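The block underneath contains the structure these notes are about, expressed in structure tokens.
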Amino acid sequence: KSVIDYCPSIDTLFASGVGITTVPANIGTLQKLKLLDLDRNNITVVPRSILDLPTECKLDFTDNPLQEPPESVIEDGRDAMIAYYEDLEKGARVSNKLKFVLFGTGEAGKTTIANIL
């Protein structure tokens, strides 16, 4: 069992820098939570159930090696997280590819830049 099972009425959960690697799937059951501070841990996945927390709950996942959702999604807020998880349900997947086109005059160094990248 986790702290969630023993303290369902908790309003603040501060576990900064204590080596946590996972967020319990039942985190969303903490309906009185106002602050969830899990910064500086080793969390890679934040479960969708995080969205079941009260909308006024402040989330802090900074300085974690987040993969799902990416830290930028969490930083963009609750609506971005909802959209991210909805996209995943529809079959979307995260891509780390970038396509670019270089324009410029001749001998400007476009090929050199492309080769470096």
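All residue numbers in the sequence shown are consecutive under my numbering, ending with 1503.
Think of the CB as a built atom: it goes at the ideal place given N, C-alpha and C, for glycine as much as any other residue.
All values derive from a computational prediction rather than experimental measurement.
Residue-chain proximity (residue i, chain D), Cβ-Cβ < 9 angstroms
{"i": "aspartate 1449", "result": "The chain inventory of the structure shown lacks chain D, comprising one protein chain alone."}
Collapsed DSSP secondary structure at residue i in the structure displayed
{"i": "valine 1497", "result": "It is threonine, not valine, that sits at residue 1497 in the sequence shown. In this structure, threonine 1497 counts as helix in the three-state DSSP scheme."}
{"i": "threonine 1398", "result": "strand"}
{"i": "valine 1459", "result": "helix"}
{"i": "leucine 1484", "result": "coil"}
{"i": "glutamate 1472", "result": "helix"}
{"i": "aspartate 1449", "result": "coil"}
{"i": "valine 1389", "result": "helix"}
Per-residue burial, residue i [other beta carbons within 10 Å of its own, 16 or more giving buried]
{"i": "leucine 1422", "result": "buried"}
{"i": "proline 1394", "result": "exposed"}
{"i": "tyrosine 1392", "result": "exposed"}
{"i": "isoleucine 1413", "result": "buried"}
{"i": "asparagine 1427", "result": "buried"}
Residue j beta carbon less than 9 angstroms from that of residue i
{"i": "alanine 1464", "j": "threonine 1441", "result": "Note on residue identity: the sequence assigns arginine, not alanine, to residue 1464. Against a cut-off of 9 angstroms, the Cβ pair of threonine 1441 and arginine 1464 comes out as a contact."}
{"i": "asparagine 1450", "j": "glutamate 1457", "result": "yes"}
{"i": "leucine 1416", "j": "isoleucine 1396", "result": "yes"}
{"i": "leucine 1424", "j": "leucine 1399", "result": "yes"}
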